[in-house]
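So the structure is just underneath, and the comments pick up after that.
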Amino acid sequence: MTRAAVVCGLGGAVPATAISNSALAAQLDTTDTWIRTRTGIRRRYVIAPGEATSDLAVAAGRRALNSARRTAADPQVEHRTTDADLVVLATSTPDRPCPATAPAVAHRLGLSGAAAFDVGAVCTGFLYALATAASMITAGAAHRALVIGADTFSTILDPADRTTRAIFGDGAGAVVLRAGTTDEPGALLGFDLGSDGSGEELITVRAGGSRQRSTATPPPVGDEFFAMEGRSVFTKAVLNMSTSAHTLLDRIGWARPDLDRLVAHQANLRILRAVGEQLGLTDDQLVVNLDRVGNTVAASVPLALADAALDGTLRPGDRVLLTGFGGGLTWGSAALRWPDALQVEAVPGMADAL
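Numbering that gives the first Met the number 0 puts the first residue of the sequence shown at 0, with every later residue one more than the last.
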């Protein structure tokens with residue numbers, strides 16, 4: 000049997016403040032119908048003044064650790080002395096440009112001394128972080144890992160841009176991985192990752208980095224905000240997520256008809272359906288929660304997993320494919336059989352009706 004990283008805990012978090020489409024329409028030149036028909040989104044959450052990405056990361060991480068404690072004992076884990084000896088945080092909105100946010104998150108969770116670092120791959124960030132943590136576990140460099148995706152894009156959006164404000168929301172999702180073997184339910188069976196830096200301008204914040212700061216001149220107005228070329232991103236997202244998913248399925252020997260669930264980055268309902276169609280899946284096989292949380296960037300995939308585990312959409316033994324696409328450009332996929340008896344806490348606020 001081959002050593003593998005096994006999913007044994009799961010959690011999510013959203014801020015307290017939910018913003019409906021109607022509330023946005025009262026501020027911007029848009030309507031509930033315009034937003035829903037183009038994106039499938041009905042609401043999103045935003046942090047309050049003074050809150051930060053680490054606050055959501057800690058909340059999701061704590062629920063994931065609690066989930067792991069309540070889930071069945073770890074028969075294969077060696078040298079377990081803490082809840083996690085590795086913390087990997089995927090985010091594009093860290094609390095500060097320097098230092099990384101992960102060590103502070105680890106400290107607040109009582110994991111001081113654990114290896115902790117950030118990964119930046121925008122909406123693909125969680126999959127990159129998951130692959131990194133899984134690789135460290137299979138190599139024996141870690142035994143238990145807390146992998147978090149968290150972003151607060153409300154802090155980098157143009158307040159007057161109806162398109163980006165309608166799409167993005169703040170949130171966090173986390174999983175706990177433990178050392179195990181490939182034949183166990185919950186074992187991560189493979190990854191496919193890729194990038195294309197020629198498309199860096201399609202999803203970007205132009206100001207604030209070393210290139211702009213080195214000029215010693217103020218950036219053009221608006222460059223401090225997130226910008227995206229929607230039409231080009233749509234096409235590339237569908238193409239690269241579909242290609243990555245096909246590549247991984249072939250690599251691990253899964254036939255497409257055997258796939259039970261697709262958990263794709265929650266960017267846009269039309270994108271999700273297009274990727275599902277490329278894989279021969281029905282809408283019922285797609286995990287969708289963007290209608291209630293919007294595009295939460297690096298939090299998107301783990302938050303969707305937590306939601307689907309809670310409502311019973313994900314069942315023990317399901318063949319599950321994860322896939323994402325984000326700035327960089329980056330993309331990636333991962334595959335696992337859904338674990339047995341995973342105990343997941345409800346995410347406060349997400350079940351509330353509009």
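Don't be surprised by glycine CBs; every beta carbon is placed ideally from N, CA and C.
* Asked: Does DSSP put G168 in a helix, a strand or coil?
  -> coil
* Asked: Is R41 helix, strand or coil when you go by DSSP?
  -> coil
* Closest by C-alpha distance to A47, when choosing among E183, V121, G170 and R143 -> G170
* If we ignore side chains and look at the alpha-carbon of each, how far apart do A12 and V346 end up? -> 6 Å
* To do: Could you work out which residue in A58, L23, D54 and A59 is closest to R42 when comparing CA atoms only?
  => L23
* With a Cβ-Cβ cutoff of 9 Å, do D117 and V87 count as a contact? -> yes
* Asked: Would DSSP call M349 helix, strand or coil?
  -> coil
* Asked: Of the residues V274, P338, G325 and G331, which one's Cα is nearest the Cα of A305?
  -> P338
* Using the Cα positions of G275 and G39, report the straight-line distance between them to the nearest angstrom. => 15 Å
* **Host beta strand (DSSP E) of R143 (start-end)** => R143 to D150
* To do: Report the residue ranges of all beta strand (DSSP E) runs contained in full by the stretch 262 to 335; include only those spanning at least 3 residues, in chain order.
  => 318 to 325
* Own chain residues within Cβ distance below 7 Å of S231, not counting five before or after -> L201
* Asked: Whole-angstrom Cβ separation of G8 and V262, contact assumed at under 8 Å?
  -> Their Cβ separation, rounded to whole angstroms, is 17 Å, which puts G8 and V262 out of contact at 8 Å.
* Sequence-distant residues of its chain with Cβ nearer than 8 Å to A103 (five each side left out) -> S53 and D94
* Determine the burial state of T354: buried for a count of at least 16 other Cβ atoms within 10 Å of its Cβ, exposed for fewer. => Because the chain is modelled from 0 through 353, residue 354 falls outside the range shown and cannot be assessed.
* **Element boundaries [alpha helix (DSSP H), containing R2]** => From DSSP, R2 is part of no alpha helix (DSSP H) but of the beta strand (DSSP E) over R2 to A12.
* Asked: For R177, which residues does DSSP report across the bridge?
  -> V5 and R143
* **Spatially closest choice to V286 from A132, T151 and G323, by CA coordinates** => G323
* Is it true that the CB of A266 sits closer than 9 Å to the CB of L280? -> no
* To do: Can you grab the Cα-Cα spacing for the pair L187 / A25, in whole Å?
  => 45 Å
* C-alpha distance - R314 paired with I136, whole-angstrom precision -> 25 Å
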